[in-house]
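Engineer:
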Amino acid sequence: MLERFKVPDKDKIFISESKIYDLTKRVLMASGVSEKGANNTASVLIGNDMRGIESHGISNGLRLYLNRYNSGENNPIPNIKIVKESPTTAKIDGDGALGTEIGPMAMDMAIEKAKKYGMGSVSVINTGHLAGCGYYPLQAVNEDMIGHCFTGSPPKQTLPTWGSEPILGTNPVAWAAPAKEMPPFLFDIATSQVAGNKIELTRRTGAKLLPSWIADENGVPIMEEIETPDRGQYHLLPFGGTRENGSHKGFGLGFVGEMMTNILSGAGPGIFNDHQGSDFFVAYSIDAFTDVGKFKADMDSLLRRIIESKPATGYERVVYAGYLENEEYDKRSKDGIPYHFEVIEWFENYCLKNKIECDLR
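Under our numbering, the first residue of the sequence shown carries the number 195, and numbering increases by one thereafter.
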């Protein structure tokens with residue numbers, strides 16, 4: 195994650211993974227979420243925080259989810275059902291559950307199918323926020339598989355190239371694959387130029403938005419550095435920003451995400467339908483195609499070649515997708531997770547109001 199999105203040193207409070215996990219789980223269960231559901235959501239959010247993906251961790255996610263439970267937008271006690279299944283595929287109705295609750299279950303199902311048949315894919319409908327896609331493919335990596343995830347996020351956020359009306363969501367996507375000794379490859383992106391949750395982080399950190407990250411209300415890319423506008427006064431651009439810089443590629447990939455989630459699930463395009471959202475999870479068994487040991491050794495060779503390549507002038511090193519996140523995970527495992535003091539104050543006030551024991555500091 196770019197430095198501008200990180201918590202300033204003066205505002206950091208370090209909390210251990212186990213301590214923030216325990217409190218997050220208790221806060222969710224106090225809102226009526228089952229122990230399993232609370233475990234899944236806490237694991238996803240804090241897993242993101244441990245890898246430095248704070249835009250999709252506790253800071254933005256938890257209070258959003260509690261508000262959605264309280265408003266009835268999401269269901270804390272869903273009746274999750276398999277509505278269609280074959281040996282290699284399944285479709286699940288989440289009954290309004292958060293994506294963070296059902297996502298780990300869906301990927302586990304895809305993995306079990308891949309163990310038996312070489313590949314497994316699971317579509318989920320009627321589900322809420324997934325907290326990014328990166329956590330879920332790593333479940334497959336832990337089983338020596340390749341993992342893939344798409345999520346169809348709320349529509350009317352991202353402009354098409356040359357458009358003035360936002361059509362798609364940010365429609366994140368992720369792939370992950372194991373290696374032998376090198377950190378796993380993890381490519382986890384929003385298909386917009388900048389993730390919507392990262393813009394929310396700038397409101398907390400005070401960072402500015404860079405040129406071509408967003409467009410004005412008329413769809414014109416803003417080509418200078420600016421303060422974060424008020425909500426509703428800007429639109430997101432597809433990644434690439436402008437047609438000259440490849441925004442048609444970003445919008446095209448975002449469309450693929452819409453196709454593989456909302457349309458393939460039968461929920462229908464998000465812009466035409468008032469529904470929770472859809473997700474898509476895939477696991478590929480490497481040994482259905484090649485020897486696992488050879489695959490991981492080949493991954494090592496290529497990944498090591500990348501990080502050992504000569505950096506361009508002005509840069510210290512070359513990395514690949516997932517490398518920095520792995521470094522951050524190791525660092526935070528030792529030092530704790532650096533949360534903004536405002537997040538810790540929110541926890542303390544919320545717990546005091548709801549009579550939940552809080553021992554973060």
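Note that beta-carbon positions come from the ideal geometry of N, C-alpha and C, so glycine has one too.
1) May I ask you to verify whether the region 316-330 touches the region 409-423, counting CB pairs closer than 8 Å and requiring at least 3?
2) By the three-class DSSP mapping on this structure, what secondary structure does His323 have?
3) Going by alpha carbons, who is nearest to Ser441 out of Ala373, Leu353 and Asp205?
4) If contact is defined by three or more beta carbon pairs under 8 Å, each pair taking one atom from either stretch, is the region 284-300 in contact with the region 224-235?
5) Give the DSSP-derived three-state secondary structure of Pro377 in the structure shown.
6) Using the beta-carbon count (16 or more within 10 Å), is Val388 buried or exposed?
7) If we count Cβ pairs, one from each stretch, closer than 8 Å, do we get three or more for the region 425-438 versus the region 336-346?
8) Across the region 259-277 and the region 203-214, are there enough close Cβ pairs to call them in contact, namely three or more that are closer than 8 Å?
9) So Cys545 is in the alpha helix (DSSP H); what residue range does that whole segment cover?
10) What would DSSP say about Leu361, mapped onto helix, strand or coil?
11) Report the partner residues of Cys552 according to the DSSP bridge assignment.
12) Among Tyr311, Ile276 and Arg498, which has the Cα closest to the Cα of Lys374?
13) Determine the contact status of Gly462 and Pro348, defining contact as a CB-CB distance below 8 Å.
14) Could you give the distance in angstroms between the alpha-carbon of Gly266 and the alpha-carbon of Leu256?
15) Mapping DSSP to helix, strand and coil, what is Gly290?
16) Nearest CA to the CA of Ser315: which residue from Glu519, Glu510 and Tyr478?
Structural biologist: Here's the rundown:
1) No contact exists between the region 316-330 and the region 409-423.
2) Residue mapping note: residue 323 aligns to position 129 of the sequence shown, counting from 1. The DSSP-derived three-state label of His323 is coil.
3) Within the sequence shown, the letter at position 247 stands for residue 441. Checked all of Ala373, Leu353 and Asp205; the closest Cα to Ser441 is Leu353.
4) Segments in contact, yes.
5) For the purposes of this step, residue 377 is taken as residue 183 along the sequence shown, with counting starting at 1. The three-state secondary structure of Pro377, taken from DSSP, is coil.
6) In the sequence shown, the residue the question calls residue 388 occupies position 194. The residue in question, Val388, is buried, as its Cβ has 16 or more Cβ neighbours within 10 Å.
7) Fewer than three Cβ pairs drawn from the region 425-438 and the region 336-346 lie within less than 8 Å of each other, which leaves the two stretches out of contact.
8) Result no; under three Cβ-Cβ pairs closer than 8 Å.
9) Taking the first residue of the sequence shown as position 1, residue 545 is located at position 351. From DSSP, the alpha helix (DSSP H) with Cys545 extends over Phe535 to Lys547.
10) Looking up residue 361 in the sequence shown gives position 167. Just to set this straight, residue 361 is Ile in the shown sequence, not Leu. Residue state for Ile361 is assigned as coil, using DSSP reduced to three classes.
11) Translated into the one-based positions of the sequence shown, residue 552 becomes position 358. Answer by DSSP bridge pairing: none, since Cys552 is not bridged.
12) Taking the sequence shown and counting its residues from 1, the one referred to as residue 374 is at position 180. Ranking the options by Cα distance to Lys374, first place goes to Arg498.
13) In the sequence shown, the residue the question calls residue 462 occupies position 268. In the sequence shown, the residue the question calls residue 348 occupies position 154. Result no, Cβ atoms of Gly462 and Pro348 do not sit closer than 8 Å.
14) Numbered from 1 along the sequence shown, position 72 holds the residue referred to as residue 266. Numbered from 1 along the sequence shown, position 62 holds the residue referred to as residue 256. Pairing Gly266 with Leu256, the inter-Cα distance amounts to about 15 Å.
15) Against the sequence shown, residue 290 aligns to sequence position 96. Looking at Gly290 - three-state DSSP - the assignment turns out to be strand.
16) If you number the sequence shown from 1, residue 315 lands on position 121. Taking Ser315 as reference, the option from Glu519, Glu510 and Tyr478 with the minimal CA-CA separation is Tyr478.
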